[in-house]
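Structure first, commentary second.
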Amino acid sequence: MDNIYISVIEALIFSSDDPIPAQEIIRAIKGIDGEDIEINIADVDSVFDELNKKYEDNGSSFRLLRIAGGITFGTKAEYAKYLGYLSSEKSKRRLSQAALETLAIIAYKQPVTKPDLETIRGVNSDYILNTLLEKNLIMISGRAETIGRPLFYSTTDEFLKYFGLNKLSDLPKPREIDEIMKDEDFLEQKRKIMMNLIEDVVAKETGESEENNDSTIE
Amino acid sequence: MDNIYISVIEALIFSSDDPIPAQEIIRAIKGIDGEDIEINIADVDSVFDELNKKYEDNGSSFRLLRIAGGITFGTKAEYAKYLGYLSSEKSKRRLSQAALETLAIIAYKQPVTKPDLETIRGVNSDYILNTLLEKNLIMISGRAETIGRPLFYSTTDEFLKYFGLNKLSDLPKPREIDEIMKDEDFLEQKRKIMMNLIEDVVAKETGESEENNDSTIE
Amino acid sequence: MYTIKLDQFEGPLDLLLFFIKRDELNIYDIPISKITKEFLEYVEYIKMLDLEVAGDFILMASTLMHIKVRMLLPKEVDEKGEEIDPRAELIQALLEYKKYKEVSEELTFFESNQRKVSFRGNYDHDEKISPPEYDILLKNVTLFDLAKAFRNAIEGVKPVPVHEIQKINITIDEQIEFIMSKVNEFKEIHFLSLVHGMQEKIRIVITFIALLELAKAAMIGIKVSEDFNDFVLYKLENNG
Chain Y
17 MDNIYISVIE ALIFSSDDPI PAQEIIRAIK GIDGEDIEIN IADVDSVFDE LNKKYEDNGS
77 SFRLLRIAGG ITFGTKAEYA KYLGYLSSEK SKRRLSQAAL ETLAIIAYKQ PVTKPDLETI
137 RGVNSDYILN TLLEKNLIMI SGRAETIGRP LFYSTTDEFL KYFGLNKLSD LPKPREIDEI
197 MKDEDFLEQK RKIMMNLIED VVAKETGESE ENNDSTIE
Chain E
17 MDNIYISVIE ALIFSSDDPI PAQEIIRAIK GIDGEDIEIN IADVDSVFDE LNKKYEDNGS
77 SFRLLRIAGG ITFGTKAEYA KYLGYLSSEK SKRRLSQAAL ETLAIIAYKQ PVTKPDLETI
137 RGVNSDYILN TLLEKNLIMI SGRAETIGRP LFYSTTDEFL KYFGLNKLSD LPKPREIDEI
197 MKDEDFLEQK RKIMMNLIED VVAKETGESE ENNDSTIE
Chain V
5 MYTIKLDQFE GPLDLLLFFI KRDELNIYDI PISKITKEFL EYVEYIKMLD LEVAGDFILM
65 ASTLMHIKVR MLLPKEVDEK GEEIDPRAEL IQALLEYKKY KEVSEELTFF ESNQRKVSFR
125 GNYDHDEKIS PPEYDILLKN VTLFDLAKAF RNAIEGVKPV PVHEIQKINI TIDEQIEFIM
185 SKVNEFKEIH FLSLVHGMQE KIRIVITFIA LLELAKAAMI GIKVSEDFND FVLYKLENNG
């Protein structure tokens, strides 16, 4: 095997979304450089050892691992606490999908009670509500006058800060989101209507209204 | 800064799935080893250079890049064809001319409203805004105080990452209108389009997969 | 008519720029009649193809017609008495659009280069230890902390089957006195130890209300406990 493939193999392992089997590495190299390229599983195996020796010698914080029949990179155990610190920090900042959904319902329907919220979401929301309260994104803002006088939930200033809003009325209106999201069919319809209108204007301006023929628009 | 942190910094960057800002690296190290640890942004900067020199010297296939205000590992361009052979991610479509145009306007005029954007482009932009929002290249960033209080759009970190930019000011400067006027033949643009074309032909010849449909340039 | 691929044009401004470039026209002196005529031909063609973008092209056609009509009328003047060129706005729009179109062409280069870079694909095998104590961020007592501690206290009470209605003689004033005596005695007392041994929920409720009253009247202080399901009542020095 040509030595130039050491780096190619390293790049393939680095960028693969899953541990990459040696076979796949060979397939990519032959796929690009031709079937007659000399490279086999034993070559990949020795590149594995060679690269790991290089990482060891130059004090790299990562090394190659064999996982589930493939090869992948992993960082060494001695850095585990630093990486753990960051990932726990990150998870604190990232809202899970369920939390986001709940937060969205509260943001748009506030003040809202837990029963109303759960009717909308269709699932028990105790845990999520607690999490959001703990993160200070929502607050208890009073009580409904309905039976059982359930608590009202509303969003906090922290919520506005989190989403970079000045005030609640800056939230995108559901109607506006619909407008951006509406499918092409609808746009097409709208355009046709518009075309019709503008055509009339153009016809009038140019004084050609008698020749005007709307056959293109049904 | 203690030299032991070179490897810690390498591990933190290697293990972060988004470009990691120097501040965050410092936060993780101080979070674990104490606030009195001596490490600052300049230290991280010099580790950046030091590590990149190491990767260069030992023929590594990846190196550190500054993207979207953070640091991340990325492969060198020369391995792109091998990686593209296996990864569908790399063979995905380029952005259309309409998308690029819209992004350019948003990038320079941000925050910008849909009406303002459409005035410049001269076309309805609902569909393209939706596409860019879905791709997370732009985001809703607030509301204008003008009549109808239309939503503001801005670019995201993903936008910076997509174009390999560290910060918005790294964007190419638009030419002044006077300058555009002088260059009636648009020579520069022609040259650029040609270069891009050649690049694509080369990429295709070296075997980018057939799903790769560069429909933007005929 | 030249055969041009219509989907090459991002909109009417793009098409107009094409005409100007192809015919080497002076952008500041666009022959409106000529360009309008040609533009309308394309609009017909676009309509025939029923392209999505037709509406925007027709809108531009109507703008061109407006300009054409205004060119025939006596010249308008602005406040300074200078003649207004009916084409001025269109020219400005064309140049503005061109500015961004140029940049978008440059962005294509950044895109090309960046497409050659791959990022790390798999992060599943990095060794990580997440220290749980970093999850604790709370600093101040909030209504929620208070309510949660209260609920925990309520849940700590074992449900006893009661078959006869019992009258419990307890008042807020009594509990205020009770709390003040405890606080004066111990300087600090945890809520859970304050209500420890209380058998009836109502007694805990009344005690809780009493301590809220005291806190409101600044007779006692409340602060966070290390156990986040509890909190601490403490004696305020100026009331001693």
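Keeping their order, the protein sequence lines are chains Y, E and V. All residue numbers for the first sequence refer to our numbering, where the first residue is 17 and numbers rise by one. All residue numbers for the second sequence refer to our numbering, where the first residue is 17 and numbers rise by one. All residue numbers for the third sequence refer to our numbering, where the first residue is 5 and numbers rise by one. We put the CB at the ideal spot given by N, CA and C, even for glycine. These figures come from a predicted structure and were not determined experimentally.
Nearest neighbour of residue 16 of chain Y, chosen from E:77, E:99 and E:47 [CA to CA]: Because chain Y spans 17 through 234 in this model, residue 16 of chain Y falls outside it and cannot be assessed.
Test: residue 24 of chain Y CB closer than 8 Å to a CB of chain E: yes
Own chain partners of residue 144 of chain V with C-beta closer than 6 Å, once the 5 adjacent residues on each side are dropped: Annotation note: pLDDT 39 at residue 144 of chain V (below 50); position unreliable, coordinate value reported separately. Once the five neighbours on either side are set aside, residue 144 of chain V has no close Cβ partner at all.
Supposed contact pair residue 153 of chain Y and residue 124 of chain Y - C-beta distance, whole angstroms, cut 8 Å: With 8 Å as the limit, residue 124 of chain Y and residue 153 of chain Y do not qualify as a contact, their Cβ atoms being about 14 Å apart.
Cβ-Cβ separation, residue 176 of chain V to residue 210 of chain V (assumed contact under 8 Å), whole Å: 6 Å
Counted within 10 angstroms of its Cβ, other Cβ atoms place residue 171 of chain E as buried (16 or more) or exposed: buried
Assigned secondary structure, residue 127 of chain V (DSSP; H/G/I helix, E/B strand, else coil): coil
Residue interval of the beta strand (DSSP E) (run including residue 194 of chain V): 192-194
is_contact[residue 113 of chain E, chain V] using C-beta, thresh 8 Å: yes
Opposing strand residues paired with residue 48 of chain Y [DSSP bridges]: According to DSSP, which records beta bridges pairwise, residue 48 of chain Y is partnered with nothing at all.
Bridge partners - residue 87 of chain V, DSSP secondary structure assignment: V:81
Element boundaries [alpha helix (DSSP H), containing residue 90 of chain E]: First-last for residue 90 of chain E: 86-91, but that is the beta strand (DSSP E), not the alpha helix (DSSP H).
Proximal residues to residue 44 of chain V (C-beta, below 7 Å), its chain only, five neighbours per side dropped: 65
Whole-angstrom distance between residue 127 of chain E and residue 137 of chain E, CA atom to CA atom: 16 Å
DSSP state of residue 168 of chain Y mapped onto helix, strand, coil: strand
Separation of residue 70 of chain V from residue 161 of chain E, as counted between CA atoms: 31 Å
8 Å Cβ shell around residue 182 of chain E - same chain, five flanking residues per side excluded: 82, 83, 84, 85 and 176
Residue 264 of chain Y and residue 123 of chain V closer than 8 Å at C-beta: Any question about residue 264 of chain Y goes unanswered here, given that chain Y covers just 17 to 234.
Below-8 Å beta-carbon distance, residue 112 of chain V vs any chain E residue: yes
Cα-Cα separation between residue 91 of chain Y and residue 141 of chain Y, rounded to whole angstroms: 37 Å
Burial state of residue 23 of chain Y, where buried means 16 or more other Cβ atoms lie within 10 Å: buried
Any chain Y beta carbon closer than 8 Å to residue 235 of chain V: no
Cβ-Cβ distance between residue 206 of chain V and residue 174 of chain V below 8 Å: yes
Test item: CB-CB of residue 168 of chain E and residue 129 of chain E under 8 Å: yes
Per DSSP, cross-strand counterpart(s) of residue 118 of chain E: In the DSSP output, where bridge partners are listed per residue, residue 118 of chain E has none listed.
Sequence-distant residues of its chain with Cβ nearer than 8 Å to residue 174 of chain Y (five each side left out): 151, 152 and 153
Residue 177 of chain Y, DSSP secondary structure in three states: helix
Chain E contact for residue 127 of chain V (CB, 8 Å cutoff): yes
CB contact flag (residue 148 of chain E, residue 184 of chain E, <8 Å): no
Cβ of residue 88 of chain Y within 8 Å of any chain V Cβ: yes
Extent of the continuous alpha helix (DSSP H) to which residue 78 of chain Y belongs: Where residue 78 of chain Y is concerned, there is no enclosing alpha helix (DSSP H), although the beta strand (DSSP E) it sits in stretches over 78-83.
Contacts that residue 93 of chain V makes with chain E (C-beta to C-beta distance below 9 Å): Here the premise fails: no neighbours, minimum Cβ distance about 11 Å.
Beta-carbon neighbours of residue 178 of chain E, restricted to chain Y and to distances below 8 Å: Residues of chain Y passing the Cβ test: none, with the nearest at roughly 16 Å.
Validate contact between the stretch 89-98 of chain V and the stretch 115-134 of chain V using beta carbons, cut 8 Å, 3 pairs: no
CA nearest to the CA of residue 116 of chain E, picked from V:112, V:97, V:101 and V:102: V:112
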